[in-house]
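**Q** Numbering (the working numbering), first residue to last: 1 to 275.
Even glycine gets a Cβ: it sits at the ideal position worked out from N, Cα and C.
Here is the structure:
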């Protein structure tokens, strides 16, 4: 029999949602408060006496924030497309093709993803500087591969392995080549997993800080996380502008998740139930 949930369940659920959303709510309130209400006793009030969008306006008029957004969008998008394309072929090979050493390859991929960025930033910087790739999009996309590609390969390998092997065998019986089996049988079935992995890779690239801080030092090439950190001056920290910028940065991720939420849920639950 189906059990009916009582009021305590919904109260607990509302409390949980409030605790999760509280940091975002607090940042939104700080972004809407004028400087006079950000400090003192009024800083802890939930009701804003004089709400204003001045912080949002100053982010774009007094800072090159639009350029930061463009840089992050280009780098994150190209990193995602590049990583997903390569990871799709690699994951298919690891999951379904028989060759020696594929377990070692998967282990190496996982090991690479465990390397801390601080341990690799020095040789990467020296290489990028010698190749003249600092302060460029390519100079960020290549280092981002060190964490984006292992993440994509590992996740997509799991999704490919959840596809029934009978489909591949049936394709071989019908005379399909490896390429046809991969593109016409496995890839369409793995699309929910591909979308889910793409979202994870995009978010990881969008939020990356250390490589962007070290490799792109010119103001016009900074990404959003680095740009927001540079808002603070020597004697003041513009908390209102920082909060407004944080809200603006979060919006594209929220919109993207809402647009692809069905595919994401389908990807996360694929293979969870077998008939």
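Looking at C-alpha atoms only, which residue of 21, 31, 17, 68 is the closest neighbour of residue 213?
**A** Position 213 of the chain shown, counting from 1, holds the residue named residue 213. With distances taken between Cα atoms, residue 213 lies closest to 68.
**Q** Identify every run of the alpha helix (DSSP H) within the region 178 to 220, keeping only runs that are complete inside it and at least 4 residues long; order them along the chain.
**A** Listed in chain order, they are 178 to 181, 187 to 207, 210 to 215.
**Q** Can you find at least 3 beta carbon pairs, one from the region 220 to 239 and one from the region 14 to 24, that sit closer than 8 Å?
**A** No, because fewer than three Cβ pairs between the region 220 to 239 and the region 14 to 24 fall closer than 8 Å, the two stretches do not touch.
**Q** If distances are taken between C-alpha atoms only, which option among 177, 160, 123, 36 comes closest to residue 197?
**A** In the chain shown, counting from the first residue as 1, residue 197 sits at position 197. With distances taken between Cα atoms, residue 197 lies closest to 160.
**Q** At the level of alpha carbons, what is the spacing between residue 215 and residue 134?
**A** Position 215 of the chain shown, counted from the first residue, corresponds to residue 215. Position 134 of the chain shown, counted from the first residue, corresponds to residue 134. Cα to Cα, the separation comes out at about 5 Å.
**Q** Whole-angstrom Cβ separation of residue 260 and residue 195, contact assumed at under 8 Å?
**A** As a position in the chain shown, residue 260 is number 260, starting the count at 1. As a position in the chain shown, residue 195 is number 195, starting the count at 1. The Cβ separation is near 6 Å, so the contact holds.
**Q** Within its chain, find whatever has a CB closer than 6 Å to the CB of residue 181; leave out the 5 residues flanking it on each side and keep chain order.
**A** The count along the chain shown starts at 1 and reaches residue 181 at position 181. Closer than 6 Å at Cβ, skipping near neighbours: 168, 171.
**Q** Measuring only the C-alpha atoms, how far is residue 45 from residue 26?
**A** For this step, residue 45 is matched to residue 45 along the chain shown. For this step, residue 26 is matched to residue 26 along the chain shown. Those two C-alpha atoms are separated by around 10 Å.
**Q** Over what stretch of residues does the alpha helix (DSSP H) that includes residue 139 continue unbroken?
**A** By 1-based counting over the chain shown, the position of residue 139 is 139. Taken as a continuous stretch (DSSP letters only), the alpha helix (DSSP H) holding residue 139 covers 138 to 161.
**Q** Residues in the same chain with beta-carbon distance under 7 Å from residue 33, minus the five sequence neighbours each way, listed in chain order, please.
**A** Working through the chain shown from its first residue, we reach residue 33 at position 33. 48, 240, listed in sequence order.
**Q** Given this structure, state the Cα-to-Cα distance separating residue 109 from residue 103, to the nearest angstrom.
**A** Along the chain shown, read from residue 1 onward, the residue named residue 109 stands at position 109. Along the chain shown, read from residue 1 onward, the residue named residue 103 stands at position 103. The alpha-carbon atoms of residue 109 and residue 103 are separated by roughly 10 Å.
**Q** Looking at residue 142: is its Cβ nearer than 9 Å to the Cβ of residue 128?
**A** Within the chain shown, numbered from 1, the residue matching residue 142 stands at position 142. Within the chain shown, numbered from 1, the residue matching residue 128 stands at position 128. Against a cut-off of 9 Å, the Cβ pair of residue 128 and residue 142 comes out as a contact.
**Q** State buried or exposed for residue 184, treating a residue as buried only when at least 16 other CB atoms are found within 10 Å of its CB.
**A** Working through the chain shown from its first residue, we reach residue 184 at position 184. Looking at its Cβ environment, which holds fewer than 16 other Cβ atoms inside 10 Å, residue 184 is exposed.
**Q** Buried or exposed, going by whether 16 or more other CB atoms sit within 10 Å of the CB of residue 152?
**A** Mapped onto the chain shown, residue 152 falls at position 152. Per the 10 Å Cβ criterion, buried.
**Q** Under 8 Å Cβ to Cβ from residue 93, same chain only, skipping five residues before and after it: list those, please.
**A** Translated into the one-based positions of the chain shown, residue 93 becomes position 93. Cβ neighbours of residue 93 beyond the five flanking positions: 99, 102.
**Q** If you draw a straight line from the C-alpha of residue 218 to the C-alpha of residue 162, how long is it?
**A** Against the chain shown, residue 218 aligns to sequence position 218. Against the chain shown, residue 162 aligns to sequence position 162. Their backbone Cα atoms lie some 45 Å apart in a straight line.
**Q** So, helix, strand or coil for residue 274, using DSSP?
**A** The residue given as residue 274 occupies position 274 in the chain shown. Confidence is the limiting factor: at residue 274 the pLDDT is only 44, short of 50, which leaves the residue's position unreliable, though a coordinate-based value still follows. Note: residue 274 maps to coil in three-state DSSP.
**Q** Could you tell me how far apart the beta carbons of residue 144 and residue 211 are, in whole angstroms, since I believe they sit closer than 8 Å?
**A** Counting from one through the chain shown, the residue named residue 144 turns up at place 144. Counting from one through the chain shown, the residue named residue 211 turns up at place 211. That belief holds up - the Cβ atoms of residue 144 and residue 211 are roughly 7 Å apart, short of 8 Å.
**Q** Helix, strand or coil for residue 133? Go by DSSP, reduced to three states.
**A** The residue given as residue 133 occupies position 133 in the chain shown. In this structure, residue 133 counts as coil in the three-state DSSP scheme.
**Q** Taking only three categories from DSSP, how would you classify residue 33?
**A** The residue given as residue 33 occupies position 33 in the chain shown. Residue 33 falls in the coil class under three-state DSSP.
**Q** Over what stretch of residues does the alpha helix (DSSP H) that includes residue 223 continue unbroken?
**A** Here residue 223 refers to the residue found at position 223 of the chain shown. Element bounds for residue 223: n/a, residue is neither H nor E.
**Q** Using three-state DSSP, classify residue 67 as helix, strand or coil.
**A** Stepping through the chain shown from its first residue, residue 67 is reached at position 67. In this structure, residue 67 counts as helix in the three-state DSSP scheme.
**Q** Output the distance between the C-alpha atoms of residue 220 and residue 64, rounded to the nearest integer angstrom.
**A** Within the chain shown, the letter at position 220 stands for residue 220. Within the chain shown, the letter at position 64 stands for residue 64. The alpha-carbon atoms of residue 220 and residue 64 are separated by roughly 8 Å.
**Q** Use the C-beta contact count for residue 155: other C-beta atoms within 10 angstroms, 16 or more gives buried, fewer gives exposed.
**A** Position 155 of the chain shown, counted from the first residue, corresponds to residue 155. Per the 10 Å Cβ criterion, buried.
**Q** Where residue 242 and residue 228 are concerned, what is the direct C-alpha to C-alpha distance, given to the nearest angstrom?
**A** Counted from its first residue, the chain shown places residue 242 at position 242. Counted from its first residue, the chain shown places residue 228 at position 228. Distance between the alpha carbons of residue 242 and residue 228: 6 Å.
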